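These notes concern the structure reproduced below.
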Amino acid sequence: MELATPPASSQITQHVLSHMINRLSAVDPCDDPYPHISVRDIFPQDVYADLIDLLPDESDYTTMGRRHIMENGESNRFEYQLSAENINEHLTGRRNELWTGIRNAMNAPELKKAVFNRLSAGIGYRFGVDPQDVNQIEGFPRLSLMREKPGYFITPHPDTRKKIITFQIALPRDRSQLDLGTMIYKRNLSPKFLLNRPKGFRGFENVKQYPFEPNSAFAFSVINTVRKKSWHGREPLEGESGIRNSLLCIYYVSKENATTY
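Residues in the sequence shown are numbered from 2 upward in steps of one, following this note's numbering.
The structure is reproduced here in structure tokens:
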């Protein structure tokens with residue numbers, strides 16, 4: 002379904018798209034323990050200030066599966082897909098203009114090219130192609146706003162092979178949630194990482210964690226082979242952590258998983 006584009010949204014799209022491409026082109030990828038990037042100020046500051054105030058209502062988010070249901074019966078993870086249908090159904094006025102503009106920018110082929118170029122080493126490794134040729138590989142974005150509450154966790158995993166790139170943008174209001182960032186892991190079977198570790202985290206070493214800074218992004222190429230895996234996860238959010246808001250842009254192999262179409 003195509004999304005009608007108000008004039009103000011077109012301006013937002015161009016503003017966001019050009020800024021994101023410039024920010025992505027300025028960062029150097031890191032290959033340890035697998036190819037990934039970290040980007041600060043991924044949105045223009047004026048757009049970021051607006052989007053924090055214009056997130057969808059909590060009631061418009063949907064729960065994300067039984068594994069995120071806590072003992073008290075409540076969910077700790079919620080999703081709002083930035084599909085054309087959802088935006089048209091739930092968002093009006095300035096909120097509709099803003100999220101239409103952001104959605105169109107992040108669905109743009111120019112952004113896909115910029116992201117794939119930054120993570121070309123990992124994509125090339127996975128698909129067995131020259132890194133210079135990775136933009137010949139199709140990728141279809143799925144955009145979702147996420148809300149994660151205290152009690153949420155996800156054990157180390159590499160992501161499904163249906164995904165090519167996982168691109169997470171942190172959306173905190175301020176710097177009070179810096180320790181809520183996604184964790185990068187590698188396998189380590191020494192006793193230190195096997196003993197006294199929670200189930201699901203045993204045998205994994207947390208080797209890096211980028212701070213959950215306002216307007217920052219973390220992205221990696223999904224690798225799930227025998228020799229290399231893009232292990233990442235998140236230890237349980239503590240009771241005083243507040244709501245962990247983020248925007249996920251995941252490039253899929255197949256368009257049936259995307260929100261582009």
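Note that CB positions come from ideal geometry on N, CA and C, so glycine has one too.
Please read all numbers here as calculations on a predicted model, not as lab measurements.
Partner residues in the beta bridge of T63, as assigned by DSSP, are E80. Note that the C-beta distance between F194 and E206 is below 7 Å. For G234, the enclosing beta strand (DSSP E) has its first and last residue at 233-235.
Remark: C-beta atoms of R143 and A9 do not approach each other more closely than 7 Å.
Inter-segment contact for the region 141-161 and the region 231-244 is present: three or more beta-carbon pairs are separated by less than 8 Å.
R127: not part of any beta strand (DSSP E); member of the alpha helix (DSSP H) spanning 121-128, first to last residue.
For E257, the closest alpha carbon among the candidates L146, A218, K164 is that of K164. Between the region 209-225 and the region 115-130 there are three or more C-beta pairs closer than 8 Å, enough to call the two in contact. Less than 7 Å separates the beta-carbon of P57 from that of Y81. Assignment of Y253 by DSSP, reduced to helix, strand and coil, places it in the strand class. The criterion of a C-beta distance shorter than 7 Å is satisfied by Y49 and N216. For P192, the three-state secondary structure derived from DSSP is helix. Secondary structure of K187 (DSSP, three-state): strand.
Put simply, the backbone Cα of T93 is about 18 Å away from that of S145. Remark: C-beta atoms of L55 and L99 approach each other more closely than 7 Å.
By the criterion of a C-beta distance shorter than 7 Å, P173 is surrounded in its chain by F213, P215, N246, once the five residues flanking it on both sides are discounted.
Counting C-beta atoms within 10 angstroms of its own C-beta, D160 has 16 or more neighbours from the protein chains shown and is therefore classed as buried. In the displayed model, L52 falls within a helix according to three-state DSSP.
In the displayed model, K229 falls within coil according to three-state DSSP, outside both helix and strand. Secondary structure at F202: coil, using DSSP grouped into helix, strand and coil.
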